[in-house]
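Presented below is the structure to which this report refers.
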Amino acid sequence: MGLILGTFFYIVFALIGVFTAPIWTRHQAELIRVLWVLATFCCWLSWALIYMAQMNPLQLPVRVIKSS
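Take a look at the structure:
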């Protein structure tokens, strides 16, 4: 449920940026929209990969005890 909820958060975040882009700049609103969506997608992809890597790690930690 965490991955779906996080993805929903990023979608809402991207939509806020897309709809508020004309408020920030009038001349380059299309560029700001593209950059906002691209930045949100890159952040989401990074977050999703890190989140899924923690769900099923490829290597388990090995405890090594050295006695002197």
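Its first residue numbered 7, the sequence shown is counted upward by one per residue in our numbering.
Even for Gly, the Cβ is constructed at its ideal location relative to N, Cα and C.
Element boundaries [alpha helix (DSSP H), containing residue i]
{"i": "S52", "result": "35 to 61"}
Residue i - DSSP class collapsed to helix/strand/coil
{"i": "V18", "result": "helix"}
{"i": "L11", "result": "helix"}
{"i": "V70", "result": "coil"}
{"i": "T31", "result": "coil"}
Among the options, nearest to residue i - alpha-carbon criterion
{"i": "F14", "options": "R32, W53, W30", "result": "W53"}
{"i": "G12", "options": "R69, M58, L41", "result": "M58"}
{"i": "G8", "options": "I38, I56, K72, T31", "result": "I56"}
>> Within 8 angstroms, do at least three Cβ pairs link the region 15 to 22 to the region 33 to 51?
In response: Flag = yes, the region 33 to 51 and the region 15 to 22 touch.
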